[in-house]
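At position 12 of the sequence shown the residue is numbered 182 (this note's numbering), and the sequence of numbers has no breaks.
No residue lacks a Cβ here, since even glycine has one placed at the ideal position from N, Cα and C.
Encoded as structure tokens, the structure appears first; notes follow it.
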Amino acid sequence: MMEAKQWTVQIYISEEGDETHARAVLATRDTSRLMGRGVARRNPIDRPIPEIGDELAASRALEDLAIRLHDVASDDIVQLTGPVQA
Numbered sequence: 171m172m173e174a175k176q177w178t179v180q181i182y183i184s185e186e187g188d189e190t191h192a193r194a195v196l197a198t199r200d201t202s203r204l205m206g207r208g209v210a211r212r213n214p215i216d217r218p219i220p221e222i223g224d225e226l227a228a229s230r231a232l233e234d235l236a237i238r239l240h241d242v243a244s245d246d247i248v249q250l251t252g253p254v255q256a
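This is how it looks when you write it as structure tokens:
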């Protein structure tokens with residue numbers, strides 16, 4: 171029988187002046203938490219539309235998280251795969 175797994179990503183967003191900061195936190199059953207970060211900066215001449223900063227910062231945090239997760243998987247491959255030692 172196939173096992174179903176659930177991984178959860180929570181995104182935390184904060185604004186400081188013209189900057190929006192985001193943290194994407196991955197929680198799995200098998201690993202410790204993994205986190206990515208992203209920042210968006212509004213050009214002072216642009217209209218203030220916080221939603222755009224949220225979207226950009228969150229997408230950058232998710233991209234950072236994806237890179238970190240890939241690094242973890244690559245390290246696991248190097249350490250844990252290969253021929254079975256008898």
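Per the DSSP calculation, T190 is bridged to which residue(s)? Position 20 of the sequence shown holds residue 190. Its beta-bridge partners are E185 and A210.
Cβ-based burial, R230 [other Cβ within 10 Å; buried from 16]: In the sequence shown, counting from the first residue as 1, residue 230 sits at position 60. Label assigned to R230: buried.
What does DSSP give as the partner residues of V195 in its beta bridges? As a working note, residue 195 is residue 25 in the sequence shown. Under DSSP, V195 takes part in a beta bridge, and its partners are Q180 and M205.
Quick check on G208: buried or exposed, where buried means 16 or more other Cβ atoms within 10 Å of its Cβ? Start at 1 with the first residue of the sequence shown, and residue 208 comes out as number 38. It is buried - the Cβ of G208 has at least 16 other Cβ atoms within 10 Å.
From A192 to N213, what does the alpha carbon distance come to, in whole angstroms? Along the sequence shown, one-based indexing puts residue 192 at 22. Along the sequence shown, one-based indexing puts residue 213 at 43. Straight-line Cα distance between these residues: approximately 18 Å.
With a threshold of 16 other CB atoms inside 10 Å of the CB of T190, please say whether the residue is buried or exposed. Along the sequence shown, read from residue 1 onward, the residue named residue 190 stands at position 20. It is buried - the Cβ of T190 has at least 16 other Cβ atoms within 10 Å.
What are the boundary residues of the alpha helix (DSSP H) that includes G252? As a first step, residue 252 is located in the sequence shown; it is residue number 82 there, counting from the start. Segment: none, G252 is in no alpha helix (DSSP H) and carries neither H nor E.
Reduced DSSP category for P220 - H, G, I as helix; E, B as strand; rest coil: Here residue 220 is taken as the residue at index 50 of the sequence shown, counted from 1. Of the three classes helix, strand and coil, the one that applies to P220 here is helix, per DSSP.
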